[in-house]
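Asks: Residue numbers (this note's numbering), protein chains in the order written: chain A, -13 to 174; chain B, -13 to 174. I'd like to ask some things about the structure below.
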DNA sequence: GTCTATATACTGATAGAC
DNA sequence: GTCTATCAGTATATAGAC
């Protein structure tokens, strides 16, 4: 693995565990076993490297979400597959966590890939839910946009509750709840 | 307002806008118009002051949530009042945002008030939902613990989506979705 | 491409005068 | 209670040798 690649992957880890504000160039260099000069040769600075790392994490997350949502079965099965996919819950979401970082939110460069990832996710969830509704799996009264936002929000909020509690339990509970509500919305 | 009070309130603002890692003692002193010596006279250090500020924010949030949940009406009305209460969404949740801060989560002293606030909130939501179910407003199949976690998570996740998007829209969408799902879960 | 040297500003405190 | 002085360490680079 070359130096630029090690720098990007190290930055992905550190951004997830420490946020952007909490991650120093020095810490990145040590984690990547790269010198100061190396880092500034490959990237113009901390923000430039962070942008590369965030884009990488967003692409990875998108691929994993897509894998779950592209499975066979009813819309509810596919949403459930997404909700239940493996996560290191107590580490927080690699992308969602950045939405709380003041400097990420303040910088168009850094916020953009975060924004795009969530726009894509909500769009994809909306499609799956709309397909299910069209097949009669959900009532016509269900608004796919709103339900998609709710599903995405429950996952992100689940991370917050779990980290606050120091336990995965509230995350699992929240997922269970939204699954149940979606299931119960089936025509009766 | 005395100096200690100004320090606490300034720290509440800065913790919300910059997180714990992103907030320096110097920034707090400037915001509070207090000297270095003053701050270290009233508090043992940054962590001690942050703890006081977090406890204060948690108490305020609890009071506001309680005000919404203690209203008259059906359980769904009360949950809706909580979901729809005024919030400065793009600033993030004063308490939930801290659950993403690495040093808050790593420190038992700092995490405790965050943890307690969410435990209280989930408990209170669970009570309201269980009351509604007992009155036949929700189906017996609805699990109050899971639904409460879902409601709390949607709000926290709504903040994340909104900050990522730089717009309140995804927050409002997510709230709308969970409200709809809860409403649709009424016995048919 | 990588290394070491250097630089300015900030971080989070402590010490002691007033 | 508040002020100023001081401090070792870190943040985020830039410069130039190799």
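Ideal Cβ positions, reconstructed from N, Cα and C, are used throughout, including at glycine. Model, not experiment: these values are computed from the prediction.
1. With C-beta atoms as the reference, is residue -6/A less than 8 Å away from residue 49/A?
2. Assuming residue 28/A and residue -11/A form a contact by the criterion Cβ under 8 Å, report the distance between their Cβ atoms to the nearest whole angstrom.
3. Name the chain A residues whose beta carbon is nearer than 8 Å to that of residue 67/B?
4. For chain B, is any of its Cβ atoms less than 8 Å away from the one on residue 86/A?
5. Alpha carbon to alpha carbon, what distance is there between residue 86/A and residue 129/A?
6. Please state whether the Cβ-Cβ distance between residue 99/A and residue 47/A is less than 8 Å.
7. I want to verify the contact list: residues of chain B whose CB lies under 8 Å from the CB of residue 129/A, in sequence order.
8. Is the beta carbon of residue -8/A sitting closer than 8 Å to the one on residue 78/A?
9. For residue 109/A, which residues in chain B fall below 7 Å Cβ to Cβ?
10. In three-state DSSP terms, what is residue 115/A?
11. Below 8 Å on the Cβ atoms is my guess for residue 96/A versus residue 36/A; work out the distance and round it to an integer in Å.
12. Among 30/A, 170/A, 135/A, 147/A, which residue has its Cα nearest to the Cα of residue 101/B?
13. Using DSSP with H/G/I as helix, E/B as strand and the rest coil, what is residue 29/B?
14. What's the C-alpha gap between residue 103/B and residue 154/A?
15. Below 8 Å between beta carbons is the criterion; list the residues of the region -3 to 22 of chain A that meet it against any residue of chain B, in chain order.
16. Run through DSSP, which three-state label would residue 3/A get?
17. So, helix, strand or coil for residue 131/B, using DSSP?
18. Is the region 110 to 120 of chain A touching the region 58 to 69 of chain A in the sense that three or more CB pairs, one from each, lie closer than 8 Å?
Replies: In brief:
1. Taking the first chain and counting its residues from 1, the one referred to as residue -6/A is at position 8. Taking the first chain and counting its residues from 1, the one referred to as residue 49/A is at position 63. Here residue -6/A is not near residue 49/A, since their CB atoms are 8 Å or more apart.
2. As a working mapping, residue 28/A is identified with position 42 in the first chain. As a working mapping, residue -11/A is identified with position 3 in the first chain. In this structure, residue 28/A and residue -11/A form a Cβ contact; the two beta carbons are roughly 7 Å apart against a cut-off of 8 Å.
3. On the second chain, residue 67/B is found 81 positions in, with the first residue counted as 1. For residue 67/B, none of the residues of chain A pass the 8 Å Cβ criterion, the least Cβ distance being about 18 Å.
4. As a first step, residue 86/A must be located in the first chain, where it is residue number 100. At least one CB atom of chain B sits nearer than 8 Å to the CB of residue 86/A.
5. For the purposes of this step, residue 129/A is identified with residue 143 of the first chain, where counting begins at 1. For the purposes of this step, residue 86/A is identified with residue 100 of the first chain, where counting begins at 1. One C-alpha to the other measures close to 28 Å.
6. As a first step, residue 99/A is located in the first chain; it is residue number 113 there, counting from the start. As a first step, residue 47/A is located in the first chain; it is residue number 61 there, counting from the start. In this structure, residue 99/A lies away from residue 47/A, with their beta-carbon atoms at least 8 Å apart.
7. Residue numbering aside, residue 129/A sits at position 143 when the first chain is read from its first letter. Chain B residues near residue 129/A: 162, 163, 166.
8. On the first chain, position 6 is the one that residue -8/A refers to. On the first chain, position 92 is the one that residue 78/A refers to. The Cβ atoms of residue -8/A and residue 78/A do not sit closer than 8 Å to each other.
9. Against the first chain, residue 109/A aligns to sequence position 123. In chain order: nothing, as chain B lies at least about 12 Å away.
10. Within the first chain, the letter at position 129 stands for residue 115/A. Residue state, collapsed to three classes: helix.
11. Sequence index remark: in the first chain, residue 96/A carries index 110 (1-based). Sequence index remark: in the first chain, residue 36/A carries index 50 (1-based). That belief holds up - the Cβ atoms of residue 96/A and residue 36/A are roughly 6 Å apart, short of 8 Å.
12. Numbered from its first residue, the second chain carries residue 101/B at position 115. Among 30/A, 170/A, 135/A, 147/A, the Cα nearest to that of residue 101/B is on 147/A.
13. Translated into positions along the second chain, residue 29/B becomes position 43. It is coil, neither helix nor strand.
14. Translated into the one-based positions of the second chain, residue 103/B becomes position 117. Translated into the one-based positions of the first chain, residue 154/A becomes position 168. Their Cα atoms are separated by approximately 17 Å.
15. Residues 3, 4, 5, 7, 8.
16. Residue mapping note: residue 3/A aligns to position 17 of the first chain, counting from 1. Residue 3/A carries a helical assignment under DSSP once its states are collapsed to helix, strand and coil.
17. If you number the second chain from 1, residue 131/B lands on position 145. In the structure shown, residue 131/B sits in a helix (DSSP, three-state: H, G or I).
18. Segments in contact, yes.
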